[in-house]
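Remarks on the structure that follows.
In my numbering, the protein residues as written are 8 to 212.
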């Protein structure tokens, strides 16, 4: 059950969700059938995120639930979650637009919060230990628990039922600049509408 309030039939936002998904599918068909330009595919990824993130914010307000955006820089992916009745961040059921989206391997996403690049704990520390092996304590016999039992990381970006958002910028670019040096961004000033530089770049080109 997604919302704390039980309702029957389809809500307006659910109808909007179907229309957005149909539009996204139609856009992918056009791009895949008529264009192989890497820059167009990068732009398409940014446009998809812009549409789904806007939908997530509207969904949160109309259904009075708290939504979150989880960026996984290890998997090069993002997904949307919501706060359930037990105050746990869980996946959104039966909504394909909000499931985990893995970015093509030649592309990368970069999250900025307060103007600084966000990094997970895994990337904050190198694989080398901060202490020498002589001073370190062996953890071979220590069992913390199964990875499946560990709670998922909290979202880095919040889409609140009040309509407020976490201020953020999400960059879409290529790992290899020889493919293309194009960069598209989607950002928020703490409220809708989300801002993207796609139209501005197209006008300048």
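Here a beta-carbon is modelled for each residue, glycine too, at the ideal position from N, C-alpha and C.
(1) For the candidate residues 68, 124, 62, 84, whose alpha-carbon lies nearest to that of residue 176?
(2) Could you check the C-alpha separation between residue 200 and residue 85 for me, to the nearest Å?
(3) When the distance is taken between beta carbons, is residue 73 closer than 8 Å to residue 194?
(4) Please report the distance separating the alpha-carbon of residue 65 from that of residue 49.
(5) DSSP on residue 193, reduced to helix/strand/coil?
(6) To the nearest angstrom, how far is the alpha carbon of residue 76 from that of residue 163?
(7) For residue 55, does the three-state DSSP call read helix, strand or coil?
(8) Who are the Cβ neighbours of residue 82 in its own chain at under 7 Å, not counting the five residues just before and after it?
(9) To the nearest angstrom, report how far apart residue 68 and residue 171 are at their CA atoms.
(10) For my contact list, residue 182 and residue 116 are in at a C-beta cut-off of 8 Å; report their separation, rounded to the angstrom.
(11) Give the straight-line distance between the Cα atoms of residue 47 and residue 113, rounded to the nearest whole angstrom.
(12) Decide if residue 202 is buried, meaning its Cβ has at least 16 other Cβ atoms within 10 Å, or exposed.
(13) What's the C-alpha gap between residue 96 and residue 78?
(14) Runs of 3 residues minimum, wholly inside the stretch 89-126: which ones carry the beta strand (DSSP E) assignment?
(15) By the DSSP assignment, the beta strand (DSSP E) with residue 75 in it spans what residues?
(16) Would you kindly work out how many angstroms separate the C-alpha atoms of residue 119 and residue 174, rounded to a whole number?
(17) For residue 111, which residues from the same chain have a beta carbon less than 8 Å from its beta carbon, with the 5 sequence-adjacent residues on both sides left out?
(18) Of the choices 94, 101, 196, whose alpha-carbon is the least far from that of residue 122?
(19) Assign residue 84 to one of three DSSP states: helix, strand, or coil.
(20) Using only the alpha-carbon positions, how far apart do residue 134 and residue 106 sit?
(21) Skipping 5 residues on each side, what residues in its chain have a beta carbon closer than 7 Å to that of residue 57?
(22) To the nearest whole angstrom, what separates the beta carbons of residue 166 and residue 63, a pair I think is in contact under 8 Å?
Per the coordinate set shown:
(1) Sequence index remark: in the chain shown, residue 176 carries index 169 (1-based). Nearest C-alpha to residue 176: 124.
(2) What you label residue 200 is simply residue 193 of the chain shown in a count that begins at 1. What you label residue 85 is simply residue 78 of the chain shown in a count that begins at 1. If I take the Cα positions, the gap works out to 20 Å.
(3) Here residue 194 corresponds to residue number 187 of the chain shown, with the count starting at 1. Here residue 73 corresponds to residue number 66 of the chain shown, with the count starting at 1. Their beta carbons are not under 8 Å apart, which means residue 194 does not touch residue 73 by this criterion.
(4) Locating residue 65 in the chain shown gives position 58, where the first residue counts as 1. Locating residue 49 in the chain shown gives position 42, where the first residue counts as 1. For residue 65 and residue 49, the distance between alpha carbons rounds to 25 Å.
(5) Within the chain shown, numbered from 1, the residue matching residue 193 stands at position 186. Looking at residue 193 - three-state DSSP - the assignment turns out to be strand.
(6) Along the chain shown, one-based indexing puts residue 76 at 69. Along the chain shown, one-based indexing puts residue 163 at 156. Taking the straight line from one Cα to the other gives about 6 Å.
(7) For this step, residue 55 is matched to residue 48 along the chain shown. Residue 55 falls in the helix class under three-state DSSP.
(8) Residue numbering aside, residue 82 sits at position 75 when the chain shown is read from its first letter. Cβ neighbours of residue 82 beyond the five flanking positions: 109.
(9) Reading the chain shown from its first residue, position 61 is the one you call residue 68. Reading the chain shown from its first residue, position 164 is the one you call residue 171. Approximately 9 Å, taken between the alpha carbons.
(10) The count along the chain shown starts at 1 and reaches residue 182 at position 175. The count along the chain shown starts at 1 and reaches residue 116 at position 109. The pair is not a contact, with the Cβ atoms about 11 Å apart (cut-off 8 Å).
(11) One-based indexing of the chain shown puts residue 47 at position 40. One-based indexing of the chain shown puts residue 113 at position 106. Whole-angstrom Cα-Cα distance: 13 Å.
(12) Your numbering for residue 202 matches position 195 in the chain shown. Per the 10 Å Cβ criterion, exposed.
(13) Here residue 96 is taken as the residue at index 89 of the chain shown, counted from 1. Here residue 78 is taken as the residue at index 71 of the chain shown, counted from 1. So the two alpha carbons sit approximately 14 Å from each other.
(14) Listed in chain order, they are 96-98, 114-120.
(15) The residue labelled residue 75 in the question sits at position 68 within the chain shown. 74-79 is the extent of the beta strand (DSSP E) around residue 75.
(16) Working through the chain shown from its first residue, we reach residue 119 at position 112. Working through the chain shown from its first residue, we reach residue 174 at position 167. Each residue's alpha carbon lies about 9 Å from the other.
(17) What you label residue 111 is simply residue 104 of the chain shown in a count that begins at 1. Cβ within range, chain order: 48, 52.
(18) By 1-based counting over the chain shown, the position of residue 122 is 115. The shortest Cα separation from residue 122 among 94, 101, 196 belongs to 196.
(19) Within the chain shown, residue 84 is the residue found at index 77, counting from 1. Residue 84 falls in the strand class under three-state DSSP.
(20) What you label residue 134 is simply residue 127 of the chain shown in a count that begins at 1. What you label residue 106 is simply residue 99 of the chain shown in a count that begins at 1. Annotation note: pLDDT 40 at residue 134 (below 50); position unreliable, no value reported.
(21) For the purposes of this step, residue 57 is taken as the residue at position 50 of the chain shown. Same-chain partners within the cutoff: 193, 201, 203.
(22) Residue mapping note: residue 166 aligns to position 159 of the chain shown, counting from 1. Residue mapping note: residue 63 aligns to position 56 of the chain shown, counting from 1. With a Cβ gap of about 5 Å, residue 166 and residue 63 count as contacting.
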